[in-house]
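Here the structure comes first, spelled out in structure tokens, and everything after it is commentary.
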Amino acid sequence: MRVGKKELLSQLLLRTGLANVARWIHRDQMVIFNYHRLRRDERSGFTEFDSATFGPTQDQFHGHMKWLKSNSQVLSEAELLESVRTGRKLPPRSVMVTFDDGYSDNADLAVPILKDLGVPALLFIPTGAIEQRQLGWWDLTAFVIKKTPLQTLQFRGESFDLGPAQDPRRAEVISRLHRMMKLQPHSRTEKLVAELSTACRVALPDSEKSSQELMTWAQIREATGSGISIGSHTHTHRVLATLDLEDQRQELVISKAILEEKLGQTIHSIAYPVGGYEHFHRETLGLAQSAGYELGFSYHTGVNSTESLNRFDIRRISAPDSIPLFSSSLALPKLYSQRRCDQVAPAAYPLAHQPTVLSAPAETVQ
284 MRVGKKELLS QLLLRTGLAN VARWIHRDQM VIFNYHRLRR DERSGFTEFD
334 SATFGPTQDQ FHGHMKWLKS NSQVLSEAEL LESVRTGRKL PPRSVMVTFD
384 DGYSDNADLA VPILKDLGVP ALLFIPTGAI EQRQLGWWDL TAFVIKKTPL
434 QTLQFRGESF DLGPAQDPRR AEVISRLHRM MKLQPHSRTE KLVAELSTAC
484 RVALPDSEKS SQELMTWAQI REATGSGISI GSHTHTHRVL ATLDLEDQRQ
534 ELVISKAILE EKLGQTIHSI AYPVGGYEHF HRETLGLAQS AGYELGFSYH
584 TGVNSTESLN RFDIRRISAP DSIPLFSSSL ALPKLYSQRR CDQVAPAAYP
634 LAHQPTVLSA PAETVQ
């Protein structure tokens with residue numbers, strides 16, 4: 284297997300102890316590692332759904348958490364909230380651990396490790412998926428493309444070359460369709476998955492099959508405590524920048540209300556679906572505040588300064604699998620993490636039914 288330059292550099296940093304030195308130099312940068320799914324082991328990489336959601340194995344994740352506990356100050360949601368509320372500076376070498384989407388392996392593989400090691404984490408739950416026992420559009424899109432007997436797909440005026448089953452071209456087509464869902468107005472994509480299912484001649488998975496991939500409310504309740512908190516990932520996981528402001532507000536409010544009813548506790552945090560700066564608007568930050576959230580998290584957007592934290596744009600990065608790369612993401616975060624773009628998206632099209640919205644609070648804007 285070819286080893287990239289960053290992997291070689293990370294191995295050198297880890298072997299020589301320079302990773303810890305570099306981490307101390309960058310101690311005023313808070314790194315937040317985000318995960319979606321874990322693999323049980325190296326042999327369990329195949330999925331009928333979206334392969335891109337899978338990250339490290341359970342053993343690799345255990346190594347990540349041990350490394351963080353020994354080399355960083357792992358914050359809980361409560362500790363971050365205290366800093367935001369009081370203005371107290373975050374401790375040096377602060378890190379956080381988050382999970383998105385409420386997959387069942389979070390409960391089966393990740394939570395036991397977190398509790399055993401005493402590592403706090405924040406799990407972001409899309410309430411619609413849990414309530415309806417239905418996987419998200421990204422998983423359903425991947426399922427249909429992987430299962431179709433067609434080798435060429437005619438869909439919405441475009442021709443997609445799929446090749447035979449398990450051909451790498453299918454992964455490229457899945458990525459193209461995902462980009463459509465992420466960037467086009469929801470009015471153009473709300474029926475895309477159903478239309479794709481018909482065009483591919485593949486029935487969507489039933490709720491029983493989908494349910495196996497998702498946490499239950501009982502698992503979510505059981506996960507809480509010992510520093511593990513629950514946040515919102517909206518209700519339907521629609522990309523907020525593709526919605527008008529009223530629909531965005533509904534996504535934020537409904538999810539928060541359901542979580543608070545089911546869990547009997549106040550929900551303080553939200554992670555914007557997909558989370559890049561092209562996936563939510565500046566107005567979204569004000570909507571999050573007016574909906575009662577105190578913290579808002581983006582994704583693939585870089586690292587945070589412990590001295591100047593935008594509480595409605597708290598940046599997160601993806602966690603690499605290997606320990607050398609993982610440790611280097613802490614040591615040299617600006618080198619090992621890349622931001623998707625530099626600005627929150629403006630409104631992509633005229634916004635309808637605009638509610639009264641607080642703009643992002645001045646004290647939170649960098």
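Here the numbering used here runs 283 ahead of the position in the sequence shown, where the first position is 1.
Think of the CB as a built atom: it goes at the ideal place given N, C-alpha and C, for glycine as much as any other residue.
Fair warning: this is a prediction, and the values are worked out from it, not measured in the lab.
Quick check on residue i: buried or exposed, where buried means 16 or more other Cβ atoms within 10 Å of its Cβ?
| i | result |
| --- | --- |
| Ser588 | exposed |
| Ser552 | buried |
| Lys372 | exposed |
| Glu566 | buried |
| Ser581 | buried |
| Asp596 | buried |
Assuming residue i and residue j make a contact with CB atoms under 8 Å, what is their CB distance in whole Å?
| i | j | result |
| --- | --- | --- |
| Asp384 | Asn317 | Their Cβ separation, rounded to whole angstroms, is 10 Å, which puts Asp384 and Asn317 out of contact at 8 Å. |
| Arg521 | Thr381 | 20 Å between Cβ atoms; not a contact. |
| Ala524 | His564 | 6 Å |
| Ile315 | Val394 | Contact doesn't hold; Cβ gap of about 18 Å is too wide. |
| Thr519 | Glu534 | 7 Å |
Since residue i is in the alpha helix (DSSP H), which residue starts that stretch and which ends it?
| i | result |
| --- | --- |
| Glu543 | Leu528 to Leu546 |
| Ala506 | Trp500 to Ala506 |
| Ser480 | Leu475 to Cys483 |
| Gly411 | Thr410 to Gln415 |
| Glu441 | That residue, Glu441, is in no alpha helix (DSSP H); its beta strand (DSSP E) goes Glu441 to Asp444. |
According to DSSP, is residue i part of a helix, a strand, or is it coil?
| i | result |
| --- | --- |
| His564 | strand |
| Ile553 | strand |
| Thr317 | The displayed chain sequence assigns Asn, not Thr, to residue 317. DSSP places Asn317 in strand when its eight states are reduced to three. |
| Asp333 | coil |
| Gln312 | strand |
| Asp383 | strand |
| Leu523 | helix |
| Leu397 | helix |
| Ala571 | helix |
| Pro607 | helix |
| Thr472 | helix |
| Asn354 | helix |
| Ser377 | strand |
| Arg452 | helix |
| Phe426 | helix |
| Asn587 | strand |
For residue i, report the span of its beta strand (DSSP E) as first-last.
| i | result |
| --- | --- |
| Phe438 | Thr435 to Phe438 |
Cβ contact check for the segment 474 to 489 and the segment 360 to 377: 3 or more pairs under 8 Å: no
At least three beta-carbon pairs within less than 8 Å, the segment 335 to 343 to the segment 601 to 610: Yes: the two stretches touch, three or more of their Cβ pairs being nearer than 8 Å.
Cβ contact (3+ pairs, closer than 8 Å) linking the segment 400 to 407 and the segment 496 to 512: yes
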